[in-house]
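Same order as they appear, the protein sequences are chains A, B and C.
Residue numbering for the first sequence follows my numbering, starting at -1 and increasing by one per position.
Residue numbering for the second sequence follows my numbering, starting at 2 and increasing by one per position.
Residue numbering for the third sequence follows my numbering, starting at 27 and increasing by one per position.
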Amino acid sequence: MKMKHLFAYTAAAALFAGTAFAMDTHPVTGEKLAENQELTYRLMDQFPTLDPQLNEETVGFHVIRDIFEGLISQDENGDLIPGVATEWTPSNENKTWTFTLRQDAKWSNGDPVTAHDFVYAWKRAADPATGSPYSWYVEITQIENAGAIVAGDADPDTLGARAVDDYTLEVNLDSPLPYFPNMTTYATLFPVHQETVEAHGAEWTSPENIVSNGAFMLDELVLNEFHTRVKNPMYWDADNVILEKVTGLVINDHNQALTRYLAGELDYMDDLPPGQFPNLQAEYPDEAFVTPRLCSYYYAFNFTDSGNPALQDVRVRQALSYAIDRQVIVDNVLKGGQWPAYNFAHRATAGFEMPTIEYSTWTQAEKDAKAKELITEAGYGIGGEPLTLKLIYNTSESHRQIATVISQMWKQKLGVETTLENMEWKTYLEIRANQEFDVARSAWCGDYNEASTFLDLLTTTHGANDGKYSNERVDELMAASKTSMDPQAAYTEVEQILAEEMAIAPIYHYTQAFMKKPDIKGWPLNNVENNWYSKNHYRVASE
Amino acid sequence: MALIVGRSIADELRNGEAVQGRSLWQDARARFFRNRAATTGLVVLFLVGCFALFGQHLAAWSNEDIDWNLLGSVEELGGPNWENGHYFGVDELGRDLFARTVQGTQVSLMVGIVGALVSVVIGTLYGATAGFIGGRVDGAMMRTVDILMSIPYMFVLILMLVVFGRSLLMLFIGIGLISWLDMARIARGQTLSIKNKEFVEAAVATGVRPLTIILRHIVPNLLGVVIVYATLLVPSMIIYESFISFLGLGVQEPNTSWGALINSGASQMQYGTLWQIGFPLFFFVITLFAFFFVGDGLRDALDPKDR
Amino acid sequence: MSSFIIRRLLIAIPVLLILIVATFLLMYAAPGGPFTSERALPPEVMANIEAKYGLNQPLYVQIWKYVVGVVTQFDFGPSYIYKDQDVNDIIAQGFPVTLTYGFWSFVVAVVVGVSLGVTAAIRHNTWLDYLAVGVSVGAQVLPNFVMAPILVLIFTLWLGWLPGGGWQGGQWEFIIMPVIALSTSFMASIARITRSSMLEVLNANFIRTARAKGLPAHTVIWRHALKPTMLPVISYLGPAFVGMITGSVVIDIYFSTGGIGQFFVNSALNRDYGVMMGVTILTGALTVLFNLVVDVLYAWIDPRIRY
């Protein structure tokens, strides 16, 4: 009883501090702060879940990062900074990781955040009964027994994560993983409050039930309309959280969202209407921004028997890739500062050195000439055997535009005809996974900031290698890179093989273009995974 | 119009025949052509039809070729221009909008007319039969319609396009399958109020076969409402199609339709490329107007009660 | 009459059962499932998820369990996409929204549409008639996915009078634009149907008689002509209602209203079987109910109709 009182008191005090003694100036930069510390941003889609262990997409992750806090967070450059953990040290040659947790971290109901919460959450993620679509993520962190648990062959309690005491977490891995700490920044490994989860079942994340440990708490949620999150007075660093409230509005249509941004209803929006960035930048120079984003856009070739046999010929694949004028796509279609791509891993990937791909140095005229030569040599195209390829893409304005432009490039330069097939997402995934295509529009976003998240995709057994490209040397190199102290040499060799064999046709490396009102500050401009934390944002007073 | 009437009178005079009693249809035709709005509508439809059929011969570009000089600077340079052959300007990818409008017109008109035809033939017969026979048969028939209508049409279409893959044929079948339902209900509603009339009762009393009664006596009396509704249907079919395009389930690139053109034009309209919505929307609007006025003209002309 | 209503309600049960099974089967025939994702899930992970939702059982068992859950506990099961919600929550949130703006759209469409149609018919072939026809045709041919962004551009961006979207529990300023965008095309259809029906009625013998007796024009219209005029209009209300429910897709997408239309399309595209079934069944039930109301109205207006 006494305890409860105490908590109520501290909660009230913290709330009081949050409102009555609101800061006038930013504690670090000294900028004058606005009265209004609310932020409204746009969600492209309703997030399916706020359960950290069930989450599998980015819209929800933006919210989860605010209302929960993992062991480690990222700063504006994507570098690691303490979250709940203050220290992390490897031992046993990167096979054991020990995390020291801060003692002042609390759940929003006042309970302390302990190592047990993490252990519970991680077991929950791997447990087949949870049915998490991201349980594979626990598996790739290499935590001991994760694979067996996910497969249902071992008890979840055998997971190699253990609370040494309330504030020390020890993790044992099956094989050494130098970037294990990076992986704890993702939602799957965030802690959850055991009592709450067990008491409310699937609905534990609803605003009236949820107990969370982040800088904000979920306040209201109306599906497909909006949600709000308010400052969490129990958060250990609440004194330095400036925003009082964050509102997310679901607006599906890009153009509609932009109109509402311009009307002043939104402070931030990304996923701008395709092709509009240069105009916006010219008109609103202090509101339009572009940052690198860890995704790579490519066309996959079908290497299986169900694909057009011509694609088995490396010359045909090279001709198709050479004939794509990436500069036109980037400059004239997308116009968002994207980079033409000739290799797979994104150029901004941490610690990744861009390989020099030979054909990237040719002019487009040289590429076109070579492409014509190759396709003639292979006996297809103009004057040869007619070649018609089925190109699939999922419904989206920019995919449609790129597919249309590329099909015209192939037609005019090579005489290769294309049948464009646009499908909605689920059908597209099914068709792609069943290799019922010749060429498939694809893209891959890094799960974590390391080149293997891209290059692993083209190993024989990867779940997203839908073209079924297979090369023993690539498999070997990628397997070896996992434990290598300097994997860069392997990555370069893999990229060279991919380019020579034209395993895929890389098209461009993503950027994230967004609009942000000038009085909102603290937005990370260099985090390639687009991980932003609202606790760093604030609104300055207009002069 | 005056010309046509004038000529027919002249023909009659030339042949030196006595003025004969005119048939109902001749009567109707004369009444129709007296209606200026309807005649104008007919002319517009004729012109739009010509545009769809022969437009591609006038186009300087094909509907899929990209004008690489314009790609990327459509907003500044892509407007209508006689010199480079883009009479209607270009779309957001630098493709000739004239050629694309011609092609879109073909698809949309086809969708509208096929949908409406299916609806008229199946819907009228179905509704009239149900209404005339009445009782259990009516109940069963209309419950079937209820069931089909209770599956909202978008679902049928989305599912069909998803399950069987999208194609123009699937779009026809999908729209045709759904479009007759409304017509059936309307035809039945009208039949219910007609079937107690004396001429029907007389026909029943003299032992005319039900099918004959439906075709001879009921259906002609439904024509007014059916035609008015059918003229509403052609545009709504075209609008359905545009809705499907809006959801991203419409015809495949590089083919297009009015709906797809208007939809992509509408998404660009706040950025100043108004020709991209203007030209397709113009054809869309005048065609639908024309259908409406022709439909009204037909209604006035065919209205049996005016005789 | 009451036995007729009871009979119709009883028939609704098999109608809904057939609807459930048909939708179930169609949905399962569609490629992909709720858990298909870009990275093909390892088979053991997929198996875990399917076991959690009971999707590993034979289809007939799934259908049976579903039907039992719906019938005995009014439980529509979990959503496979919105994992923190069950279908009952989603319906409880979305349906009131759609019904609210749907109801107002319906009222606006009927009141404005009927007035416009009646005015046009009474002043047949005058400028008022042409204006009314012009307005209604114009309203009908402007697709709502064009109208919605135009409304937002005008009222939100340029004038700053109304919020560009959202619902906020249904405050009036959030309702206006959805209602305008949703009601116009139905309003236009109703106006046209009313006009053509009214013209027909005005030519009927009983109206001529009434006029001949020297009754004032407004009495003739209100007392005698309006009721029969409404028959085809009422026929149209059933489809119009369903059209509004599905038409809410565009409204929900453009105005972020959180209504059922968007759940509807999203669930079909995402293969969220649970939500899709729930929404289909409810829409189906409402349709059956609404069609019943329409039929009762029909009989009430036209007493010659016997059931």
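The beta carbon of each residue, even a glycine, is placed where N, CA and C say it ideally should be.
Everything numeric in this text was worked out from a predicted model, so none of it was measured.
What residues of chain C sit near residue i, judged by a beta carbon separation below 8 Å?
i, result
"A:I249", "G191, S282"
"A:K424", "A56, P57, G58, G59, T62, L295, N296, R297"
"B:I219", "Within chain C, no residue comes near B:I219; the closest Cβ sits about 15 Å away, beyond 8 Å."
"B:S168", "By Cβ distance, chain C contributes nothing, its closest Cβ being about 15 Å from B:S168, past 8 Å."
Please determine, among the options, the residue with the shortest C-alpha to C-alpha distance to residue i.
i, options, result
"B:R186", "B:D139, B:V201, B:K198", "B:D139"
"A:N324", "A:T361, A:N447, A:R291", "The sequence as given places Arg at residue 324 of chain A; Asn does not occur at that position. Measuring from the Cα of A:R324, the nearest candidate turns out to be A:T361."
"A:T94", "A:D172, A:K104, A:A32", "A:D172"
"B:A100", "B:A31, B:H87, B:V112", "B:H87"
"C:I277", "B:E254, B:F247, B:P255, B:N256", "B:F247"
"C:I307", "B:A231, B:L299, B:Q271, B:D147", "B:D147"
"A:N392", "A:Y531, A:I429, A:G129", "A:I429"
"A:T87", "A:A280, A:F512, A:N53, A:N180", "A:N180"
"A:L256", "C:P258, C:G190, C:T272", "C:G190"
Under a three-way DSSP split, which group does residue i fall into?
i, result
"A:N26", "According to the sequence shown, residue 26 of chain A is Val rather than Asn. DSSP places A:V26 in coil when its eight states are reduced to three."
"A:F19", "Bear in mind that the predicted position of A:F19 carries a pLDDT of just 48, short of 50, making it unreliable; the figure below should be weighed with that in mind. If DSSP states are grouped into helix, strand and coil, A:F19 belongs with coil."
"A:E285", "coil"
"C:L67", "coil"
"A:R439", "strand"
"A:S71", "strand"
"C:P204", "helix"
"C:K109", "coil"
"B:A61", "coil"
"A:E474", "helix"
"A:V248", "strand"
"B:G251", "coil"
"A:P276", "helix"
"C:S211", "helix"
"A:V239", "coil"
"C:N114", "helix"
"A:I79", "strand"
"A:S89", "strand"
"A:A32", "coil"
"B:W259", "helix"
"B:F280", "helix"
"C:D101", "coil"
Quick one: list the residues of chain C neighbouring residue i, beta-carbon separation under 7 Å, in chain order.
i, result
"B:V226", "P258"
Is the beta carbon of residue j closer than 8 Å to that of residue i?
i, j, result
"A:L175", "A:T139", "yes"
"C:V123", "C:T283", "yes"
"B:L71", "B:G50", "no"
"A:F153", "A:A113", "First, the residue type needs correcting, since residue 153 of chain A is Asp and not Phe in the sequence shown. Going by C-beta atoms, A:D153 is not nearer than 8 Å to A:A113."
"A:A431", "C:A66", "yes"
"A:R345", "A:Q510", "no"
"A:L221", "C:Y108", "yes"
"A:G273", "A:L332", "yes"
With respect to the beta strand (DSSP E) encompassing residue i, which residues constitute its N-terminal and C-terminal limits?
i, result
"A:L418", "415 to 421"
"A:K409", "Segment 395 to 412 is the alpha helix (DSSP H) holding A:K409; no beta strand (DSSP E) there."
"A:M513", "502 to 514"
"A:N170", "166 to 170"
Residue range of the alpha helix (DSSP H) that residue i falls in?
i, result
"C:K253", "252 to 281"
"A:Q494", "486 to 499"
If the cut is a Cβ gap below 8 Å, which residues of chain B does residue i touch?
i, result
"A:D329", "G73"
Residues of chain A with CB closer than 8 Å to the CB of residue i, please, in chain order.
i, result
"C:Y108", "Q44, P46, T47, L221"
How would you list, in chain order, the residues of chain A whose beta-carbon sits under 9 Å from the beta-carbon of residue i?
i, result
"C:F50", "Residues of chain A passing the Cβ test: none, with the nearest at roughly 17 Å."
List, in chain order, every chain A residue whose beta-carbon is nearer than 7 Å to that of residue i.
i, result
"C:I279", "N250, D251"
Please compile the residues from chain B whose C-beta is within a distance smaller than 9 Å of the C-beta of residue i.
i, result
"C:Q166", "L233, P236, S237, I240, L289, F293"
Using a Cβ cut-off of 9 Å, pull out every chain C residue sitting near residue i, in sequence order please.
i, result
"A:A200", "P104, K109, D110, Q111, D112"
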